[in-house]
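In our numbering, the protein residues as written are 24 to 331. All C-beta atoms, glycine included, are put in the ideal place defined by N, C-alpha and C. For reference, the structure is listed below as C-alpha cells.
Given below as C-alpha cells:
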C-alpha cells in the first residue's frame, strides 16, 4: 500500500511542476527501491534517501532490548536493578545520547562517530578505569570528569556523578549493535537531521477527526483529511472560509472562538519547544519506565503478545 501511495505522489508531483528529490525514510527500503526502479524524473534526476533520526535512534533501542532478551535465553543477565545493568531506563538514555550525538555533529560524519563512541565509553567509565579521553574538553563539556578538570577541580566519584552507568559485561554484548549503527553509510544519510515529526503531527490531526478505532466510510475519511490539512496549513480561521462557501455566515462569537483556538495552538507549540518542557517530558518518561521495571520485578510479566 505504501509503495503504491508513493508512486501516486511522485508521479502527481510532475503535474504541479514539483520534484521530490529526497525521501525521508523510516527504515522501510521497499518504497525507496520502488521509486528508484520507476525513475519518475528520468535517469538524470535520482531520488536520494535520507534517514529519519528518530527512527534510527529507535533502532538502537530495539537492538539493545534484543540483546537483553538473547542473553537472558543464554543464561546471561544484563538487566536488573544493580549498578551498571542494562535497564529499560538506561536503554532510553543511551538512545537519547545516540540521537543527540547525531544532531549536534551534522557537519561531520567522523565527529558523529566519535561523539557516539564517547557517550558509550563515558557510561562505562569508573574510578578505577578512566575512559573520558574521547569526551569533549572544556568547562562546557557534558562530561562531568573533563568539565571538572577544565575548571581546575577534582572530579567527583563516578558512582555519584555518572548519570547512566553500564558495566563491562554490558559493553561487551552491546558494542556490536553500536558498530552496526555507526557505519559511515548510515550516518551520511543522517547528516541533515531530518525527522518525520511534521508527518506524524499531521496524522494526529487527521485521527482526532476520524479515529482509527471507528469504522467509517471513505467519504468521511476524505472529509476528515481535507479539513485536517486545511487547519494544519491555515489554522482554525479556515473554518470561516469553509462556512462561507457553504452559505453559512459565522457570527462574532464563532470568530472569537476560532481565533482563541489558533492563539492557544501557537502558545502550546512554543511551550513544547522550550528546553524546560522537553527536559520535564524526558524525566517523566524515564520515571514511568522505572516504575514499570519495579512493578515487573514485583509481579512478573502480567501482559504480553502471545503469552496467555
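Simplified DSSP assignment, three categories, for residue i
i, result
"residue 72", "strand"
"residue 47", "strand"
"residue 265", "helix"
"residue 56", "helix"
"residue 274", "coil"
"residue 82", "helix"
"residue 260", "coil"
"residue 67", "coil"
"residue 87", "helix"
"residue 176", "coil"
"residue 32", "helix"
"residue 170", "helix"
"residue 93", "helix"
"residue 41", "coil"
Presumed contact (8 Å Cβ cut-off) between residue i and residue j, rounded CB distance
i, j, result
"residue 263", "residue 280", "Not confirmed; about 11 Å, so no contact."
"residue 61", "residue 30", "6 Å"
"residue 75", "residue 47", "5 Å"
"residue 71", "residue 44", "6 Å"
"residue 284", "residue 314", "Rounded, the Cβ-Cβ distance is 35 Å, inconsistent with contact."
Start and end residues, alpha helix (DSSP H) containing residue i
i, result
"residue 189", "First-last for residue 189: undefined, no H or E at that position."
### Message
I want to know whether the segment 89-107 touches the segment 177-196 - three or more CB-CB distances under 8 Å.
### Response
yes
### Message
With three or more beta-carbon pairs closer than 8 Å as the criterion, would you say the segment 70-88 touches the segment 199-211?
### Response
yes
#### Entry: Runs of alpha helix (DSSP H) wholly within the segment 102-166 (minimum 4 residues, chain order)
111-126 and 132-147
### Query
Using 8 Å as the Cβ pair cut-off and three pairs as the minimum, do the segment 93-109 and the segment 295-306 touch?
no
### Query
Counting Cβ pairs closer than 8 Å, one from the segment 174-189 and one from the segment 218-229, do we hit at least three?
no
### Task
Pair every Cβ in the segment 232-243 with every Cβ in the segment 114-121, then say whether three or more of these pairs are closer than 8 Å.
no
### Message
Assess contact between the segment 164-175 and the segment 241-249, defined as three or more Cβ pairs (one per stretch) separated by less than 8 Å. Is contact present?
### Response
no
### Query
What alpha helix (DSSP H) runs, 4 residues minimum, are completely inside the segment 281-331?
298-322
### Task
Scan the segment 179-249 and note each continuous beta strand (DSSP E) run of 3 residues or more that stays entirely inside, going in chain order.
none
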